[in-house]
Structure formats: C-alpha cells, structure tokens
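Q:
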Amino acid sequence: MSLLQPFISMLDRILNPLAAFTNDWGLAILLFALLVRSLLFRVNLLSARQQVRQIRMQPAIRQLREQYANQSRKLGEEMLRLYSRYGIKPGLAFAAGLIQMPIFMSLYPYFSLHGAQMTTMLIPWMQSLGVPDPAHALPVLYGIIGWLGMLISLVPDPAASQPALLKVGMPLAIMAVSLTVIWRSPAALVLYWAGSGIVTILERLFFRSSYGQKLLHKGIPVPELIKD
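All residue numbers for the sequence shown refer to this note's numbering, where the first residue is 7 and numbers rise by one.
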C-alpha cells in the first residue's frame, strides 16, 4: 500500500461530505482549502513572527558587522546571541510547509483518480475537474492570485521593504516556476491552490491590520544599539 494512502483516504472522507453539503465539487474544494488554512493559522502566525523578527533585527545585524568587521569569530558569537535574544528559530519558517506536505502530495493522486466524477458550476466550460483546464484560465488565475499574495509584505514601513524591482520581480519568477508545474495539472488541484492563495491574501491583509501587527510583534525585543 502506498505511504500516501491514509492521507488519500482522509481526503475522500472530508471532501465527499463537503461535496454532498454544497452539491458542487468546486465549492467543496474551496471550503477544504479554507479549512486547511484555518487549521494552520497558528503555525502561519508563528512563521510570520519569525519573518518580522528577522526584519526588525537587521539594524542590529548591520551594526555588528561594522563593529566586528575584522573579528569573524567574535561576530559569529554576537550573531548567535542576537538570534537567541530575538527568539529566531529557523525551523519555524518551514513548519507550515512540512505539516501540509502529506496533504499536498496526496491531492494530485486523489484528484487524478476521482476527478473524472467532479463537476462544478464555477467552471462552466469544463465537464470534469479531473483534467487540465483547456482554456488555461485557472492556472492564469492561480498565478495572479499567488503573485498578489506575495506582494503584500508583513510589515508596512518602507524602510523594511525590498527594492521595487526585486519586490515585484521575485514573486513573478516564483509564480512562473509554479505555473510550469501546475499548467497541466487537474483543474481540481489548481482550484485548490487558487482557493488557498485567496486565503493567503486575506491572511496577509489581516496581519497588516493594527490587531494583526500586535500579534506579529508580540514578544519582539525593543531594538537597541549594540554596545562595545
């Protein structure tokens, strides 16, 4: 039996009731994407906090590099202290992706196997969600949604922003690579990713709100100059 079979069976037990409830597989897939992202909100929050902490500690990092420019060993020691002070845990940045990995890897075989029976009013030009979108509208929509999501930074202040060309170009490059993978995927899979991308945009807009910023900055040390 495949190692993914338990996860594929789990998808079947979740998606079938959602499809019966909505009477539409497209809506069921979007609800499932919302469910997954909702369950992972806490993990995504912790990951976002790590990103904000790394942004906030940049002035201190620059000062350390200037202060210990010719003392590589001392610089390394002070950097470790700084990372510890800011509570930087590199593994948290990948936690959400690792947790979702079994689901991600199970979605393609599940939709390839059962997608022929899936229909939706959301994509009227398709008779089945188990095949690629012949109009390629879904992959393009997914690309636009993903690109917009990556444009929304976690911190609003311009000082922490990337150069405009890098800020716009990097997400475009990432989405171009993603599209080469997803272009010929079952429409059901692309619909899931598009729905997940919409939730990402809403999540990032929430993080940009005043309450969201309080959550992101909770526990972050007040920046201070590094003393000799």
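Ideal Cβ placement from N, Cα and C applies to all residues, glycine included.
Is there at least one Cβ from chain D nearer than 8 Å to L211's Cβ?
A: No chain D appears in this structure, which consists of one protein chain only.
Q: Since S215 is in the alpha helix (DSSP H), which residue starts that stretch and which ends it?
A: Element bounds for S215: n/a, residue is neither H nor E.
Q: Assuming the contact rule is C-beta atoms closer than 8 Å, T206 and G149 should be a hit. Round their C-beta distance to whole Å, please.
A: The Cβ separation is near 13 Å, so there is no contact.
Q: Measuring only the C-alpha atoms, how far is Q210 from I188?
A: Strictly speaking, residue 210 in this sequence is Arg, with Gln absent from that position. Between R210 and I188, the C-alpha separation is close to 23 Å.
Q: Rank A179, L185, L45 and S112 by C-alpha distance to the C-alpha of A102 and give the top, closest one.
A: Of the candidates A179, L185, L45 and S112, the one whose C-alpha sits nearest the C-alpha of A102 is L45.
Q: Within the same chain, show all residues whose beta-carbon is closer than 8 Å to that of Y114, passing over the 5 residues directly before and after it, in chain order.
A: Correct list, in chain order: S191, P192 and L195.
Q: Look up A66 in the DSSP assignment and say whether it is helix, strand or coil.
A: If DSSP states are grouped into helix, strand and coil, A66 belongs with the helices.
Q: Does the stretch 31-42 come within contact of the stretch 78-95, defined as at least 3 CB pairs closer than 8 Å?
A: Contact fails: fewer than three Cβ-Cβ distances are below 8 Å.
Q: Is there contact here, the stretch 58-77 with the stretch 115-129, by at least three beta-carbon pairs under 8 Å?
A: These segments do not touch.
Q: Could you give the C-beta distance for M111 and L10, rounded to a whole number, given that I count them as a contact under 8 Å?
A: Confirmed, about 6 Å.
Q: Pick helix, strand or coil for A26, following the three-state DSSP scheme.
A: A26 falls in the helix class under three-state DSSP.
Q: Have a look at K80, R62 and H142 and flag the residue whose alpha-carbon is nearest the alpha-carbon of T186.
A: Per the Cα distances, H142.
Q: Sort P130, S53 and R62 by Cα distance to F100 and report the nearest one.
A: Checking every option, the nearest Cα to that of F100 belongs to S53.
Q: If you measure between the beta carbons of I151 and A200, is that distance less than 8 Å?
A: Yes. Within cutoff.
Q: Where do the N-terminal and C-terminal ends of the alpha helix (DSSP H) with W31 fall, by residue?
A: Note, W31: alpha helix (DSSP H), W31 to L45.
Q: Please classify R87: does DSSP put it in a helix, a strand, or coil?
A: If DSSP states are grouped into helix, strand and coil, R87 belongs with the helices.
Q: Is the beta carbon of M127 less than 8 Å from the beta carbon of D30?
A: Closer than 8 Å, so yes.
Q: Pick out the complete beta strand (DSSP E) segments inside the stretch 99-148, 3 residues or longer, and give them in chain order.
A: Complete beta strand (DSSP E) runs here, min 3: none at all.
Q: DSSP three-state call for Q11: helix, strand or coil?
A: Looking at Q11 - three-state DSSP - the assignment turns out to be helix.
Q: Are the beta-carbon atoms belonging to R48 and L222 less than 8 Å from one another?
A: Not a contact, by the Cβ cut-off of 8 Å.
Q: Which residues in the same chain have their Cβ closer than 8 Å to the Cβ of K80, if we skip the five residues on either side of it in sequence?
A: These residues qualify, in order along the chain: Y74.
Q: Relative to the alpha-carbon of F13, which residue among G121, A26 and I105 has its alpha-carbon at the smallest distance?
A: The shortest C-alpha separation from F13 is found at I105.
Q: Which one of S184, M124 and A122 has the shortest CA to CA distance from P145?
A: Closest by alpha carbon: S184.
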